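Engineer: The sequence shown runs 1 to 871 under the UniProt record's numbering.
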Amino acid sequence: MFMNRKRLSDTTDCESSDPGKCKEQWVEAGKNYLFVLWGLTMHLILLWGVLDVNFHSPIIRGLPVVPAPSGPPAKRLLLFVADGLRFQTFIENPPPYLRDAMKNRGVWGISHTRVPTESRPGHVALAAGLYEDPSAIFKGWQENPVDFDSVFNQSCATWAWGSPDIIPIFTKGSTQNVHGRSYPSAWQDFDANSNQTTRLDSWVFDAYLEWLQSSVAETVKNQNGIILFFHLLGCDTLGHAKKPHSREYTENMNYVDQRIKEAVNVTEHFFGKDTAYVFTSDHGMTDWGSHGSGLPTETETPLIVWGAGIKSNGFRQDVEQASITPLIASLIGIPIPTNNEGALPWQYFDINYHEYLARSLLSNVKQLAHQVTGNRAVNCENMDHVDWRETQIKEKIRKAEQHLSRRNVMAAIRVGHEAISFSKEALSYFRQYERTRFLICLSIMWLGWIIMLFMKISGVVKREYVRTSLLRLMNVGFASLLIITLIRHIMSTCSNWRLPYYASFAIISAWLAVNTIMTSMPVFSERSTSDLCIDIGGTLVLLVLLFVGLTYRFAFSIGILLLMLIRAAKSEDVPASVIWTSLALCLFPLLPAVEPEPRVYIVMIGACVVAIVIVFIDALSRSQKIMEILRLVITCLVYIEIIDGRHWMSWIILLTTPLCIWYYPIETKKRILGIMLGFFCPLTLLSASYESLFFVTLTINLVCWLEVTSTTSRSLRERKITEDLIKAAFFMLYVLLCFFGTGNMASISSFDPSWTRHFVTVFSPFLMTSLILLKLSIPLILVGCASYSLESEECKKPISLAVLFLGDCLSLPLMYCVTPYGSWLDIGSAISKFVITISLPCLFVLLRCLSRPLMKVGFGVGLLSQKKHIV
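1) How big is the Cα-Cα spacing for Leu453 and Leu673?
2) For Val305, report the span of its beta strand (DSSP E) as first-last.
3) Which whole-angstrom value describes the C-beta separation of Thr237 and Gln188, a residue pair presumed to lie in contact below a C-beta threshold of 8 Å?
4) For Met285, name the three-state secondary structure that DSSP assigns.
5) Comparing alpha-carbon positions, which option in Thr699, Arg467, Leu486, Ser530 lies nearest Val578?
6) Among Cys842, Arg646, Pro94, which one has its Cα closest to the Cα of Met768?
7) Comparing C-alpha positions only, which one of Met474, Arg247, Leu212 sits nearest to Ile517?
8) Mind checking if Pro335 is an interface residue toward chain B, Cβ cutoff 7 Å exclusive?
9) Thinking just about the alpha-carbon of each residue, which of Trp288, Ser323, Asn265, Thr286 is nearest to the one in Gly307?
10) I want to know whether the stretch 62-82 touches the stretch 354-374 - three or more CB-CB distances under 8 Å.
11) What residues in its chain sit with their C-beta under 7 Å from that of Ile536, if we drop five residues either side in the sequence?
12) With DSSP run on the structure shown, which of helix, strand or coil describes Gly180?
13) Counting Cβ pairs closer than 8 Å, one from the stretch 149-169 and one from the stretch 115-129, do we hit at least three?
14) Taking its Cβ as the centre, do 16 or more other Cβ atoms sit within 10 Å of Ile413, making it buried, or is it exposed?
15) Taking Cβ to Cβ, would you say Asp350 is nearer than 7 Å to Lys399?
16) Assuming Ser155 and Ile227 form a contact by the criterion Cβ under 8 Å, report the distance between their Cβ atoms to the nearest whole angstrom.
17) Look up Gly49 in the DSSP assignment and say whether it is helix, strand or coil.
18) Within the continuous beta strand (DSSP E) that includes Ala343, where are the two ends?
19) For Phe422, which three-state DSSP category applies?
20) For Ile614, is the classification buried or exposed, using 16 other Cβ atoms within 10 angstroms of its Cβ as the cut-off for buried?
21) For the candidate residues Cys842, Asp206, Val857, Ile675, whose alpha-carbon lies nearest to that of Ile778?
22) If you drop the 5 nearest sequence neighbours on each side, which residues of the same chain put their C-beta closer than 7 Å to that of Ser747?
23) What's the C-alpha gap between Met102 and Val305?
24) In the DSSP assignment, find the alpha helix (DSSP H) that holds residue 872 and state where it starts and stops.
25) Per DSSP, what kind of secondary structure is Val548 in: helix, strand or coil?
26) Alpha helix (DSSP H) containing Pro96: first to last residue?
27) Among Tyr249, Leu79, Val124, Leu733, which one has its Cα closest to the Cα of Val548?
28) Asp52: which of Thr819, Ser851, Val36 sits nearest, CA to CA?
29) Ignoring anything shorter than 4 residues or poking outside the stretch 359-431, list the alpha helix (DSSP H) runs there in chain order.
30) For Leu846, collect the residues of the same chain with a Cβ closer than 8 Å to its Cβ; drop the 5 residues on either side in sequence, then sort them by chain order.
31) According to DSSP, Pro82 sits in a beta bridge with which residue or residues?
32) In angstroms, rounded to a whole number, what distance separates the CA positions of Val760 and Gly284?
33) Relative to the alpha-carbon of Phe438, which residue among Ser839, Trp497, Thr684 has its alpha-carbon at the smallest distance?
34) Mind checking whether Val696 and Val783 have CB atoms under 7 Å apart?
35) Which word fits Leu44, buried or exposed, when buried means at least 16 other C-beta atoms lie within 10 angstroms of its C-beta?
36) So, do the stretch 89-97 and the stretch 243-259 have three or more beta carbon pairs nearer to each other than 8 Å?
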């Protein structure tokens with residue numbers, strides 16, 4: 001409280017007695033705010049830019065529609081999508097009707113999906129033949145961020161029944177030919193104790209049977225190009241709640257099988273035999289009931305096709321998920337969607353339809369050729385001349401048409417198949433054409449920011465002698481380069497502004513960095529050679545271990561041991577408490593990664609450990625012990641499901657956490673203990689295994705470390721950049737250990753709803769993801785509070801900026817590891833590593849800013865405090 005009054009008094013004195021000094025402080029504060037704004041802009045541009053470069057939206061508007069050939073084998077198609085049904089569980093014990101369709105009535109195979117293996121991307125790939133537009137993530141995968149073409153749009157009419165999260169994707173904003181109905185969103189309950197999951201699928205089939213009784217079905221009885229879409233959510237819901245190897249999951253799969261048999265029999269009785277059927281899934285699921293990443297159990301889904309125009313010999317042909325789109329379009333004779341990138345699996349068709357198949361392949365080639373031309377135009381490549389790849393595609397189309405005119409159908413099919421493969425390669429080339437130039441611009445921009453950040457944390461003084469002419473020439477040169485870049489693009493016929501945007505930010509960032517270097521210089525204090533070697537060498541070795549730890553978790557255990565050695569080498573007193581708690585922390589990265597399936601006994605062991613700490617620790621008063629024991633008992637009762645906490649109890653425990661923390665004294669040790677006890681209960685409700693034990697061990701280790709180093713750090717008045725960097729490396733190690741200590745949750749979208757079952761079970765993507773982010777943030781909050789407590793009044797620049805500097809340095813090489821090529825697991829892992837390294841330090845800095853109220857606010861301290869600067 002005295003400190004807050006002193007700061008307020010200083011500000012008042014400045015305003016009243018020394019206007020010049022006050023003006024300088026306001027100018028400095030303004031520069032700090034601009035620096036923070038520029039840093040935030042750089043991080044957002046880099047994060048979005050790397051994803052944009054590698055996974056740019058594949059949607060190009062205005063492409064011509066290629067007409068479908070006449071004489072399709074089927075008038076209508078029934079599309080059954082069993083959401084969350086993985087191939088492994090399906091093939092181990094296939095249900096009877098679909099097994100008969102596989103062996104005796106049609107063809108089948110594995111449909112390979114791509115990350116993210118979520119419902120929306122899977123359905124877009126099935127219906128539109130393209131892989132998800134990345135901007136859809138900002139709308140929770142629930143709405144169309146842009147309009148895209150699909151088989152539903154191209155059909156004469158489509159009727160769809162299913163989940164309110166999927167059906168509106170295709171009906172909202174679509175033409176009048178797409179009709180959809182959904183059940184209430186409250187039915188999507190992931191509660192493991194709920195016995196009403198089958199109604200999700202039964203409602204869909206009942207709605208279809210009801211539709212058959214309506215006059216609408218009579219009007220389209222003899223109409224061509226009809227699609228009937230069944231979205232079946234039961235397997236996905238039970239997979240999350242009961243896991244995909246459970247009896248309930250298999251029973252739901254068999255129930256769907258029975259209802260499909262009923263629907264097929266009724267359809268053929270009503271419409272006749274000119275109907276095709278497709279059964280598949282949008283994504284798979286892991287053994288522990290999650291999906292979103294690239295494991296084979298998530299990317300392999302079943303595909304069964306039977307009915308009109310399909311072979312009936314049990315032939316197997318694995319396909320990419322996007323290839324189902326041209327298959328659906330070709331079976332019922334509708335145009336292939338304009339942005340489709342799938343290849344028609346011609347091996348599925350019956351031999352009697354080979355001529356029609358050849359013409360369908362030719363339509364597929366022409367549709368892909370239009371995309372190649374469109375992507376070349378978007379990249380502004382060879383605007384005045386046709387690229388040789390387009391010439392090759394046109395030549396292959398001409399050859400296929402010649403073979404068809406001569407009735408050489410099989411030769412036309414072979415040429416068409418080759419042309420599709422070549423067209424997909426050309427399409428991939430033009431989509432990645434400017435990748436190198438984009439990455440160079442992003443690298444220059446990022447290096448400029450890193451230089452500015454280094455100058456900020458090292459402290460700068462103005463150079464005594466600045467060559468004004470050289471500085472002026474530099475400013476004119478960069479300004480001219482920026483203007484020339486923009487004018488050159490405006491004068492061109494290219495309408496794609498992506499590269500000029502990135503190039504402009506690269507020029508501005510380099511401009512600011514060079515200007516900073518020319519007008520100021522970093523401040524380095526004199527250090528002994530041994531201290532410099534320890535600080536610089538230790539920082540570099542820890543950075544290498546952090547880089548390795550992103551792939552191999554055991555590297556973080558080595559990092560903790562190295563941290564102790566560095567402290568000992570720096571002649572710091574390393575007490576036994578620090579050694580033992582550090583060794584305990586080393587164990588967690590060696591344990592198996594936490595899986596979503598709850599291990600109640602481990603969580604209860606963590607609660608018992610905290611109960612012992614509460615009872616025997618002397619730092620707590622009697623009222624504090626009673627309060628914490630009461631919260632802990634209620635938390636345990638909610639966790640073992642004696643009390644249902646979803647309606648109010650779990651939320652009360654979560655929302656009262658700050659009040660419980662502020663009840664503790666602001667003395668560092670007691671307040672950090674209060675932060676641990678305050679957050680322990682909500683963390684326990686979100687835990688599945690040893691997360692709470694890790695949190696307790698981390699707290700004890702940090703408290704022991706603070707007792708050793710806080711006095712030393714507060715006595716230093718002279719800034720030493722190398723010491724700041726080694727401390728930042730320590731904190732960076734703790735930051736990544738907080739995330740990887742309990743396992744690599746590489747994709748936030750790969751969460752399991754069972755993690756949030758004590759707060760919410762009805763599907764709510766934003767709420768569930770927010771709770772998971774809170775769970776990941778709680779250990780980081782603790783580390784941020786420890787960082788705050790180490791900073792002295794004389795040290796106005798927080799160590800968290802040095803943590804940000806090291807994280808940004810680490811993200812630079814990882815930027816080049818992100819690639820759209822390779823296995824789906826490799827792609828997902830590369831994205832995760834980059835996003836983690838660039839976002840976790842930023843999250844740490846943000847939480848470090850929020851640590852002040854947690855560390856300094858209390859019932860005896862004013863809630864409002866003055867602060868001069870952000871950084």
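Backbone N, C-alpha and C define an ideal beta-carbon position, used for all residues, glycine too. These figures come from a predicted structure and were not determined experimentally.
Structural biologist: Concretely, from the data shown:
1) 33 Å
2) 300-307
3) Rounded to the nearest angstrom, the Cβ distance from Thr237 to Gln188 is 7 Å, consistent with a contact under 8 Å.
4) When secondary structure is reduced to three states using DSSP, Met285 falls in the coil class, being assigned neither helix nor strand.
5) Thr699
6) Arg646
7) Met474
8) Of the chains in the structure shown, none is chain B; there is only one protein chain.
9) Asn265
10) Output reads yes: the stretch 354-374 touches the stretch 62-82.
11) Thr722
12) strand
13) The answer is yes - the stretch 115-129 touches the stretch 149-169, with three or more Cβ pairs under 8 Å.
14) buried
15) No.
16) Right, the Cβ-Cβ distance comes to about 5 Å (below 8 Å), so this counts as a contact.
17) helix
18) From DSSP, Ala343 is part of no beta strand (DSSP E); its letter is neither H nor E.
19) helix
20) buried
21) Ile675
22) A caution first: Ser747 carries a pLDDT of 38, below 50, which makes its placement in the model unreliable, though a value can still be read off. Here the set comprises Pro116, Gly292, Ser293, Gly828, Ser832.
23) 8 Å
24) Here the chain has residues from 1 to 871 only, and residue 872 is not among them.
25) helix
26) Note, Pro96: alpha helix (DSSP H), 96-100.
27) Leu733
28) The option with the nearest alpha carbon to Asp52 is Thr819.
29) 388-405, 409-431
30) none
31) Here residue 82 turns out to be Ala, not Pro, going by the sequence shown. In DSSP, Ala82 forms a bridge with Leu232.
32) 23 Å
33) Checked all of Ser839, Trp497, Thr684; the closest Cα to Phe438 is Trp497.
34) It is not a contact, given that the beta carbons lie outside the stated cut-off.
35) exposed
36) yes
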